[in-house]
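This report refers to the structure that appears directly beneath it.
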Amino acid sequence: MGVDLRNPYGDQQGRWIRGSFHGHCTENSACSSVPLSESVRRYCDLGVGFVTLTDHDVVTDLAEMRGRYPDQTFLEGFEYSSRENVVFVGERVGPLFELSLEEALTQAGELLTVVCHPRPHASGRDYWTLAMLEDLGTRPDGIEVYNGHYG
């Protein structure tokens, strides 16, 4: 018995767009080694269709980058990091990082929410377990399956 692999989107109209939903810059996140302008330039040089900066517990101002790259699509976002990490992404994103994680997810509305860091924490504990996801009440939209960076 073989495996039947079918593209569930094969009959849909549209096009695939490559981009980033989880990225940081040195101006706002200590885990980054790349400044905002350099990060955006690298993404644009790769030909991505959109760029999102999700710095830790802050919505990075992308106005200057929008002016510098007027043909690029920029999405706002942040990485909730005062507990387990979740990125919140959308056209306009408010300071939901000021709320508890459960309340932020409840108020996220149309924002894309994705749990981050699909590997064990440096301490050895899991970043996310099924029980942790279920305890959130409002489940995030997705789960990051790979986390890496270029710098």
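The letter at position 125 of the sequence shown is residue 124 when you use numbering that gives the first Met the number 0, and the numbering goes up by one with no holes.
Backbone N, C-alpha and C fix where the C-beta goes; we use that ideal spot for every residue, glycine too.
Exercise for review: Check whether the Cβ atoms of E75 and E97 sit closer than 8 Å, and answer yes or no.
Suggested key: Result no, Cβ atoms of E75 and E97 do not sit closer than 8 Å.
Practice item. Flag this pair as yes or no: are the beta carbons of S28 and H55 separated by less than 8 Å? Key: Taking 8 Å as the Cβ cut-off, S28 and H55 qualify as a contacting pair.
Point to revise | Counterpart residues of H55 in DSSP-defined beta bridges | key: In the DSSP secondary-structure assignment, H55 is bridged to E78.
Practice item. Whole angstroms is fine: what's the gap from G48's alpha carbon to S38's? Key: Taking the straight line from one Cα to the other gives about 14 Å.
Review point. In chain order, what residues of the same chain lie with their CB nearer than 6 Å to the CB of H116, ignoring the 5 residues before and after it?
Key: Scanning its chain for C-beta atoms nearer than 6 Å, with the 5 sequence neighbours on each side dropped, one finds around H116 the residues N84, Y126, N146, in chain order.
Review point. What first and last residue would you give for the alpha helix (DSSP H) that runs through L110?
Key: Run containing L110: none; DSSP gives neither H nor E here.
Practice item. Could you have a look at V47 and say whether DSSP puts it in helix, strand or coil? Key: Looking at V47 - three-state DSSP - the assignment turns out to be coil, as it is neither helix nor strand.
Practice item. Rank R82, A103, S99 by C-alpha distance to the C-alpha of V92 and give the top, closest one. Key: Ranked by Cα distance from V92, the options R82, A103, S99 are led by A103.
Exercise for review: Given a cut-off of 8 Å, decide if L100 and L129 are closer than it, judged by their beta-carbon atoms.
Suggested key: Cβ atoms of L129 and L100: not closer than 8 Å.
Practice item. Compute the Euclidean distance between the alpha carbons of D3 and D10, then round it to the nearest angstrom. Key: Cα to Cα, the separation comes out at about 16 Å.
Check your understanding: Of the choices V144, T59, G13, Q106, whose alpha-carbon is the least far from that of E78?
Key -> The shortest C-alpha separation from E78 is found at T59.
Practice item. Counting only runs of 4+ residues fully inside the region 3–29, write out the alpha helix (DSSP H) ranges in chain order. Key: Those alpha helix (DSSP H) runs which fall completely within the region 3–29 and span 4+ residues do not exist here.
Review point. Of all the options F87, M131, G13, C43, which has the alpha carbon lying nearest to the alpha carbon of P69?
Key: Taking only the C-alpha atoms, the option nearest P69 is C43.
**Study point:** Beta-carbon spacing of V50, F73 below 8 Å
**Key:** A contact, by the Cβ cut-off of 8 Å.
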